[in-house]
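*Asks:*
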Amino acid sequence: MRGLVGVLLALVATAVTGVLVLNIVGQSGVAQPWDSELNDDFIFVRALPLVLGLGVAYGLIGGWVWTRSTARRADGAVRRFSGATVLLHMLITVGFVLALPTGLWQYMGGILDVQGPLPVFMYYRIHYIGAAIILASVAAFITYWWMTGDRSLLLPLGEWRRYLRGFALELPPMLRARLASLLRIDLGQPAGSSGAFTFYEKTFMFPGWSVAIALITVTGLVKLLRYAVPIPGTIVFVVSTLHVTAMVMLILLTLDHLRYYLSRWPLVVAIFTGWLPPRRTQPRSAPEGASAASGGGD
Numbered sequence: 023m024r025g026l027v028g029v030l031l032a033l034v035a036t037a038v039t040g041v042l043v044l045n046i047v048g049q050s051g052v053a054q055p056w057d058s059e060l061n062d063d064f065i066f067v068r069a070l071p072l073v074l075g076l077g078v079a080y081g082l083i084g085g086w087v088w089t090r091s092t093a094r095r096a097d098g099a100v101r102r103f104s105g106a107t108v109l110l111h112m113l114i115t116v117g118f119v120l121a122l123p124t125g126l127w128q129y130m131g132g133i134l135d136v137q138g139p140l141p142v143f144m145y146y147r148i149h150y151i152g153a154a155i156i157l158a159s160v161a162a163f164i165t166y167w168w169m170t171g172d173r174s175l176l177l178p179l180g181e182w183r184r185y186l187r188g189f190a191l192e193l194p195p196m197l198r199a200r201l202a203s204l205l206r207i208d209l210g211q212p213a214g215s216s217g218a219f220t221f222y223e224k225t226f227m228f229p230g231w232s233v234a235i236a237l238i239t240v241t242g243l244v245k246l247l248r249y250a251v252p253i254p255g256t257i258v259f260v261v262s263t264l265h266v267t268a269m270v271m272l273i274l275l276t277l278d279h280l281r282y283y284l285s286r287w288p289l290v291v292a293i294f295t296g297w298l299p300p301r302r303t304q305p306r307s308a309p310e311g312a313s314a315a316s317g318g319g320d
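This note's numbering numbers the first residue of the sequence shown as 23 and each following residue consecutively.
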């Protein structure tokens, strides 16, 4: 019952936000002294509080609906993600699918001096739609993690050496040896349990995605705010450069994301279902440190 109410609340919040955004679009009119591209910039700046508010609403609803969840089913399947995390992961994926290619084309099209099949303002418009979805998703994730207190993807305090050892053991032999030599890691000692998520996820993937998303979010917001408040050109140039850097980081992380998970099919199943399937040979027990409060995050 709570799940159904949560879905209805999310739909109502989405509908209300959509109506308010359309009202902003209507107020912008069609006879403005600027072009379509700049008009979209102003619309996005004005709609930004609504987008972030919608994300917070999603997080609050998710934290209310998925307050507790079992860490293991009777058949031995282990929970990695709660229902809220699964849905938000899908939502932010849609945002990246829209924002990354269009953002890349905005820069590459200018560098190569190539005209795409769509007008320039359409690439910006699609990019802004994707960016809005990403911003709402980020706000939702932060709110959801704050409500549930989930820390399953963070490195435990004082255990970074053990996690670096486990991370190194998951790398290809050549990279493993180089990293161990560089950081003076003793690979002969056991790394122990990583919990519900792998060493690679906790040590590299989650921190990498967090840094890249934070960087592209902050720089994107600064680039937008220059249409509302005066910002020196030097700062805009530096911020734009960092924005492109974050975009490249996200592309590389996406490729690594696909490489890592497509070679581990049970982890792909868990992304869509929230559950790591049990092993066929024997029931899988809940990993040490698996959270029973919220089912993890991504």
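Built from N, CA and C at the ideal position, the CB exists for glycine as well. Owing to the predicted nature of the structure, the values given are computational and were not obtained by experimental measurement.
#1: How about Met144 and Gly81: do their beta carbons lie closer than 8 Å?
#2: Is the Cβ-Cβ distance between Val258 and Arg248 less than 8 Å?
#3: For Leu157, report the span of its alpha helix (DSSP H) as first-last.
#4: Would you mind stating whether Phe103 and Gly296 have Cβ atoms separated by less than 8 Å?
#5: Taking the continuous alpha helix (DSSP H) assigned at Phe228, which residues delimit it?
#6: Look at the alpha carbon of Arg183 and the alpha carbon of Met130, and state the distance between them as a whole number of angstroms.
#7: Given a threshold of 16 other Cβ atoms within 10 Å of its Cβ, counted over all protein chains shown, does Thr89 qualify as buried or as exposed?
#8: Please report how far the alpha carbon of Val142 lies from the alpha carbon of Leu246, in whole angstroms.
#9: In whole angstroms, what is the alpha-carbon distance linking Phe191 and Phe219?
#10: Grab the span of the alpha helix (DSSP H) containing Ala292 for me, first residue to last.
#11: How many angstroms separate the CA atom of Thr36 from the CA atom of Ala154?
#12: Cβ of Leu5 within 8 Å of Cβ of Ile114?
*Replies:* Here's the rundown:
#1: Stepping through the sequence shown from its first residue, residue 144 is reached at position 122. Stepping through the sequence shown from its first residue, residue 81 is reached at position 59. Contact flag unset, no.
#2: Sequence index remark: in the sequence shown, residue 258 carries index 236 (1-based). Sequence index remark: in the sequence shown, residue 248 carries index 226 (1-based). Contact: yes.
#3: Along the sequence shown, one-based indexing puts residue 157 at 135. Run containing Leu157: 142-170, per the alpha helix (DSSP H) assignment.
#4: Against the sequence shown, residue 103 aligns to sequence position 81. Against the sequence shown, residue 296 aligns to sequence position 274. Cβ distance < 8 Å, so Phe103 and Gly296 count as in contact.
#5: Within the sequence shown, residue 228 is the residue found at index 206, counting from 1. Residues 228-247.
#6: By 1-based counting over the sequence shown, the position of residue 183 is 161. By 1-based counting over the sequence shown, the position of residue 130 is 108. Distance from the CA of Arg183 to the CA of Met130, rounded to the nearest whole angstrom, comes to 41 Å.
#7: On the sequence shown, position 67 is the one that residue 89 refers to. Counting Cβ neighbours within 10 Å, Thr89 comes out exposed, since fewer than 16 surround it.
#8: What you label residue 142 is simply residue 120 of the sequence shown in a count that begins at 1. What you label residue 246 is simply residue 224 of the sequence shown in a count that begins at 1. So the two alpha carbons sit approximately 18 Å from each other.
#9: By one-based count along the sequence shown, residue 191 stands at place 169. By one-based count along the sequence shown, residue 219 stands at place 197. The amino acid occupying residue 191 in the given sequence is Leu; Phe does not appear at that position. When rounded, the distance between both Cα atoms is 15 Å.
#10: The sequence position of residue 292 within the sequence shown is 270, counting from 1. Here the alpha helix (DSSP H) through Ala292 covers 287-295.
#11: As a first step, residue 36 is located in the sequence shown; it is residue number 14 there, counting from the start. As a first step, residue 154 is located in the sequence shown; it is residue number 132 there, counting from the start. Looking at the two C-alpha atoms, the distance is approximately 13 Å.
#12: The structure shown does not extend to residue 5, since the chain is modelled only from 23 to 320, so the question has no answer here.
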